[in-house]
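Heads up, the final residue of the sequence shown is numbered 297 in the UniProt record's numbering, and it's a clean run with no missing numbers.
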Amino acid sequence: SSFDTTAALAPNLNTTQSSTPTVAAHVPQHQHQQGASPPRQTNYCSNAFHQILSRENPVHSGIDIVLDHNNATYKKSQIIHGTLLIAAKDGWTHPDIHVKLLATSNIKYPGTNKGMDTELLHEIIPVKVRGYLSAGLHRLQFRVPLIERHNKELLESVRGDCIQVTYALEVELDRGILKRILKRRVEFLMHVPLSKQQIRRMDLEEPDPVPFLITPTSLGRNIKKGVFSVPNFLFRGKLHRKSIPLDDPITGDFLVEMCEVSIQSIDLQLMRVESLFSRQQNNLSNSSSIESLTGSN
């Protein structure tokens, strides 16, 4: 279970309510890839401050990470303004508190167990030096600029079946012997907008429409009479552009020229095709559905 931030931000914390903060879910410690650069400590928290939200003693100790964007989506060069919410039962001493900024890429070959993990970022952001947290609810603020570090490019977040690029913030708080380590991990999305040069180049380019034609023979199926019959039809259309920025809608035209039977609805399905090219493996592709638009009569 995670830390209830709604209850945490209340002026008066009622420790008898079910919304009392609980111990955060366990997150395995991040493992480095062999040959990866060690984590580097970056002082991005010079303006961090500690505020006591409530001095009432909570039932359990817990920790949570709260981001300033509700949709947890950030653009390159933006600054993450985050908050650590810590519920300290009975009060306890603590070592230096820091947040880890992690970015990893994972490539998995479809149909096999082979893959490759790469560590893109591993930064340590100091938040609070070692000390004592009294019984109650505490708020520690920090900031993380999303800039390129060590000549490593910030990649767009991807959550595909074969390719994944993930960004996350992690915190781990060791409270000493015989006390459970408090851990929390929060993932966020990285959006890398097109540069001004890329936008200018796309504006200057002539639209490259993609025509398509759909007939019974273009379905690519073995249609046998008496087993599975398809009425005769002819659909045609086009996508207005072949290359489309992720921020722009996909537009096109669809024309029903002929169909032997009445049409009840026309559905559109957006598919994602992931292709992997490797010298050791044959070129592999995997298709998955992203979104379906169901039409009506």
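Where a beta carbon is used, it is the ideal one built from N, C-alpha and C, also for glycine.
On a predicted model such as this, the values are computed, not experimentally measured, just so you know.
Range of the contiguous beta strand (DSSP E) that encloses residue i
i, result
"I107", "I97 to K108"
"P126", "G115 to K128"
"D64", "G62 to L67"
"V210", "V210 to I214"
"G131", "G131 to L133"
"D253", "G252 to C259"
"R139", "G136 to P145"
"H94", "W92 to H94"
"K152", "Premise fails: K152 is in no beta strand (DSSP E) and is neither H nor E."
"T73", "T73 to K75"
Chain-order list of residues whose beta-carbon lies under 7 Å from that of residue i (same chain, five-residue window excluded)
i, result
"V129", "D96"
"G252", "G237, K238, L239 and H240"
"S289", "Q269 and M271"
"S46", "Annotation note: pLDDT 42 at S46 (below 50); position unreliable, coordinate value reported separately. Correct list: empty, nothing qualifies."
"A36", "Here the model assigns A36 a pLDDT of 48, short of 50, so the residue's position is not dependable, and the following value carries that caveat. Cβ within range, chain order: E119."
Neighbourhood of residue i by C-beta, 6 Å cutoff - its chain only, sequence neighbours within 5 removed
i, result
"T83", "V66, R139 and Q141"
"M116", "I107"
"H81", "D68 and R143"
"I214", "F235"
"A87", "P21, P58, S61, G62 and L137"
"V165", "S105, L155, S157 and V158"
"T118", "S105"
Same chain, Cβ closer than 8 Å to residue i, five either side skipped, listed in chain order
i, result
"P193", "K75, K76 and D247"
"N113", "none"
Check: residue i C-beta below 8 Å from any heavy atom of the ligand FMN
i, result
"G62", "This structure lacks the ligand FMN; in fact it carries no ligand of any kind."
Reduced DSSP secondary structure (H/G/I, E/B, other) of residue i
i, result
"Q51", "strand"
"S292", "strand"
"R201", "helix"
"T166", "strand"
"L173", "strand"
"K242", "coil"
"H30", "Bear in mind that the predicted position of H30 carries a pLDDT of just 37, short of 50, making it unreliable; the figure below should be weighed with that in mind. Coil, per DSSP."
"K183", "strand"
"S229", "coil"
"T112", "coil"
"K196", "helix"
Nearest-angstrom beta carbon gap, residue j and residue i [assumed within contact, 8 Å]
i, j, result
"S262", "V273", "Contact doesn't hold; Cβ gap of about 32 Å is too wide."
"V144", "A168", "Rounded, the Cβ-Cβ distance is 12 Å, inconsistent with contact."
"L255", "F235", "7 Å"
"F188", "A72", "4 Å"
"K100", "L120", "Rounded, the Cβ-Cβ distance is 13 Å, inconsistent with contact."
"N232", "E257", "With 8 Å as the limit, N232 and E257 do not qualify as a contact, their Cβ atoms being about 11 Å apart."
"D208", "K242", "4 Å"
Contact the segment 132-150 vs the segment 49-58: 3+ CB pairs below 8 Å: yes
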